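In our numbering, the protein residues as written are 635 to 825. Cβ coordinates follow ideal geometry from the N, Cα and C atoms, glycine included. Being a predicted model, the structure only gives us computed values, none of them experimental.
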Ligand code: FE
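Shown next as C-alpha cells:
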C-alpha cells in the first residue's frame, strides 16, 4: 500500500481512475470503472447530494482498482472491495467520504429489504453479486443499518450507483470533480 507524505493523493487517485479505471470493466456491465465512477458522481452532483457524498460517489468503487492480483469477484467470491476502498481512503479523507463507500454494498442489501421493486430493478450482474454479498437485510438488520451516521446519504448514493451503467453516456471528466476531492482532503487535514 502506497502512503503519501506529501499531498498529491488527490492527483494520484484521479490518475488511477483515468488509467486503471479506464482499462477495467465495471463487473459484468457495459461500462468501464471510470465511466461508472463519472456517471455516479455526475448524478450525485445533479441531484444536489452534499459535497463529501459527491466525492464518495466518484471514489466508491476504488477498491476494485486496488487489488494487486485478480479481483475475487471474477471468481464469484466477495472481495469486500467496499472495505478495501474505504480503509485505503480513510488515511486521507474523513468519514463523511468513507462511510458511504464502506456502506455502498450494505445500502443495496438495505434497499432490497425495505423498498418494494428495488431488487427487481437491479441488473442481473448486481442481483448475482448481492447473493455473494449476503442477500437482502432482515428487517432488524435494516433498522439498525439506517440509524447509523451518514447512512441516508449512503442510500441515496446507492441509487445513483445502480443507475451509473449507461453505455456511451456523456459526463464531465475527472477534473470537473477534483474540487470535491480537494475540499474533502482539506477537511481531513484541518479536522
Ligand atoms: Fe458501483
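- Every residue whose beta carbon comes nearer than 7 Å to a heavy atom of the ligand FE appears here in chain order: 660, 670, 674, 694, 695, 738, 795, 798.
- Cβ-Cβ distances below 6 Å link residue 672 to 805 in the same chain, with the five nearest sequence neighbours on each side left out; the list follows chain order.
- Residue environment for residue 725: exposed (fewer than 16 other C-beta atoms within 10 angstroms of its C-beta).
- Annotated three-state conformation of residue 659 is strand, per DSSP.
- The beta carbon of residue 677 lies closer than 7 Å to those of 794, 797, 798 in the same chain, with the five residues before and after it left out.
- The beta carbon of residue 658 lies closer than 6 Å to those of 667 in the same chain, with the five residues before and after it left out.
- By the neighbour-count definition (other C-beta atoms within 10 Å, threshold 16), residue 740 is a buried residue.
- For residue 735, the closest of 825, 648, 791 by C-alpha to C-alpha distance is 791.
- With the rule of 3 Cβ pairs closer than 8 Å, the segment 772-780 counts as touching the segment 740-749.
- Going by DSSP, residue 666 is part of no alpha helix (DSSP H) at all; its letter is neither H nor E.
- Put simply, the backbone Cα of residue 752 is about 6 Å away from that of residue 745.
- For residue 688, same chain residues with a beta-carbon under 8 Å away, outside a window of 5 residues either side, are 675, 678, 679, 811, 814 in chain order.
- Annotation: the continuous alpha helix (DSSP H) that includes residue 814 extends over 808-823.
- Annotated three-state conformation of residue 772 is coil, per DSSP.
- Note on geometry: alpha-carbon atoms of residue 664 and residue 695 lie some 16 Å from one another.
- Around residue 699, the same chain offers 650, 651, 654, 655, 658, 667 as residues with beta carbons nearer than 8 Å, after the five sequence neighbours per side are excluded.
- When DSSP states are grouped into helix, strand and coil, residue 727 belongs to the coil group.
- For the options 642, 764, 787, 785, the alpha carbon positioned closest to that of residue 714 is the one of 764.
- In its chain, beyond the 5 residues on either side, 814, 817, 818 have a beta carbon closer than 8 Å to the beta carbon of residue 685.
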